[in-house]
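Residue numbers (UniProt numbering): 1 to 242. For glycine and all other residues, C-beta sits at the position ideal for the given N, C-alpha and C. Everything on this sheet refers to the single structure shown next.
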């Protein structure tokens with residue numbers, strides 16, 4: 001038998017698959033052809049088996065893939081607060097403003113900024129003078145519902161806010177905050193003109209009138225104007241004595 005050199009050997013391929021080691025010096029070419037045919041048929045059989053798996057019939061037998069409901073798919077999720085979902089992009093933007101501190105809405109009259117449009121609309125009533133809420137006891141009107149609620153405590157005597165330091169009670173949360181600053185000596189309000197600091201916003205507002213010259217209070221008897229209501233009250237006593 002003749003020896004077979006390594007250079008005389010090659011691999012036969014069919015559709016990219018190795019079918020066997022073939023020798024160009026084989027004494028039985030017919031058996032080689034038969035072997036190749038058998039391998040080819042085997043590859044065809046394997047291909048058919050693969051095609052059957054993806055056939056329409058087999059696809060019908062498969063359970064349908066899980067679907068996401070339109071309600072869940074349309075929800076916008078807050079990336080800063082786990083599990084918080086919103087039905088619209090605008091609602092999500094308003095919510096994220098609470099985390100970021102962004103205030104997109106600005107009052108054209110005083111420049112005060114707000115994170116929500118509803119808060120801006122509520123604020124503008126201060127400038128327009130619209131007072132939609134009124135007290136059933138005395139008829140006094142208010143531009144905001146929360147101010148009316150605070151006012152009714154004057155009639156009921158309710159004081160739900162209590163100082164943890166001294167136990168003093170207040171009808172308004174703002175009054176309690178002002179009171180606690182007296183104890184802590186905190187002065188968060190600062191005058192932009194002279195730098196003077198105040199513990200109450202009302203004190204700062206009264207002080208700024210010194211710089212602006214504004215006198216919003218006037219006497220109904222003589223028309224004299226004052227920057228502070230306390231000065232007007234003192235002045236009216238002059239007319240009452242007459």
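Segments of 4+ residues assigned as alpha helix (DSSP H) that fall wholly inside the stretch 95-169: Qualifying alpha helix (DSSP H) stretches, in chain order: 117-128 and 145-156.
Within 10 Å of its beta-carbon, does residue 118 have 16 or more other beta-carbons around it, so buried, or fewer, so exposed? Result: exposed.
Cβ distance (whole Å) where residue 189 is taken to contact residue 200 below 8 Å: Right, their Cβ atoms sit about 7 Å apart.
Looking only at its chain, what residues have a beta carbon closer than 7 Å to the beta carbon of residue 186, apart from the 5 residues adjacent to it on each side? Counting only Cβ-Cβ distances below 7 Å, and skipping sequence neighbours, we find 199.
Mind checking residue 115: buried by the 16 CB within 10 Å criterion, or exposed? Flag for residue 115 reads buried.
Just the Cα atoms here: how many angstroms apart are residue 228 and residue 206? Their Cα atoms are separated by approximately 7 Å.
Is any non-hydrogen atom of the ligand NAD found closer than 7 Å to the C-beta of residue 188, if you look at the structure I gave you? Summarising the ligand content, the structure contains no ligands, and the ligand NAD is consequently not present.
Measuring alpha carbon to alpha carbon, tell me which of 196, 219, 222 and 223 ends up nearest residue 210. It is 196.
Take residue 240 as the anchor and find which of 221, 226 and 155 has the nearest alpha-carbon. Comparing Cα positions, the closest option is 221.
Using only CA atoms, which one of 208, 174, 180 and 166 lies nearest to residue 193? The shortest Cα separation from residue 193 among 208, 174, 180 and 166 belongs to 208.
Would you grab the beta carbon distance between residue 120 and residue 105 for me? Rounded to a whole angstrom, and I think it's under 8 Å. Residue 120 to residue 105, Cβ: 4 Å. Contact.
Which residue or residues does DSSP assign as beta-bridge partners of residue 222? Partner(s): none; residue 222 has no beta bridge.
Alpha carbon to alpha carbon, how far is residue 168 from residue 175? Give it in angstroms, no decimals. If I take the Cα positions, the gap works out to 11 Å.
With a threshold of 16 other CB atoms inside 10 Å of the CB of residue 234, please say whether the residue is buried or exposed. Answer is exposed; the Cβ neighbour count stays below 16.
Smallest Cα separation from residue 203: which of 182, 126 and 142? Checked all of 182, 126 and 142; the closest Cα to residue 203 is 182.
Jot down the residue ranges of each uninterrupted alpha helix (DSSP H) in the UniProt domain "C2H2-type" (189-216), minimum 4 residues, whole runs only, in chain order. The UniProt domain "C2H2-type" (189-216) contains these whole alpha helix (DSSP H) runs: 201-212.
6 Å CB neighbourhood of residue 178 in its chain, flanking five on each side removed: Excluding positions up to five away in sequence, the list reads 200.
Who are the near neighbours of residue 159 in its chain, counting only those whose CB is closer than 8 Å to its CB and skipping five residues on each side? Listed in chain order, the non-local C-beta contacts of residue 159 below 8 Å within the same chain comprise 153, 169, 170 and 171, local neighbours out to five positions each way being set aside.
Taking the C-alpha atoms as reference points, what is the distance between residue 129 and residue 111? About 17 Å.
Cα-Cα separation, residue 131 to residue 224: If you draw a straight line from the Cα of residue 131 to the Cα of residue 224, it comes to about 27 Å.
With distances taken Cα to Cα, identify the nearest neighbour of residue 144 among 238, 122, 219 and 213. When each option's Cα is compared against that of residue 144, the closest is 122.
Using the three-state DSSP reduction, which class does residue 241 fall into: helix, strand or coil? In the structure shown, residue 241 sits in a helix (DSSP, three-state: H, G or I).
Put residue 181 into one of helix, strand or coil per three-state DSSP. DSSP places residue 181 in helix when its eight states are reduced to three.
Beta-carbon spacing of residue 146, residue 161 below 8 Å: One thing to note: residue 146 has its Cβ no nearer than 8 Å to the Cβ of residue 161.
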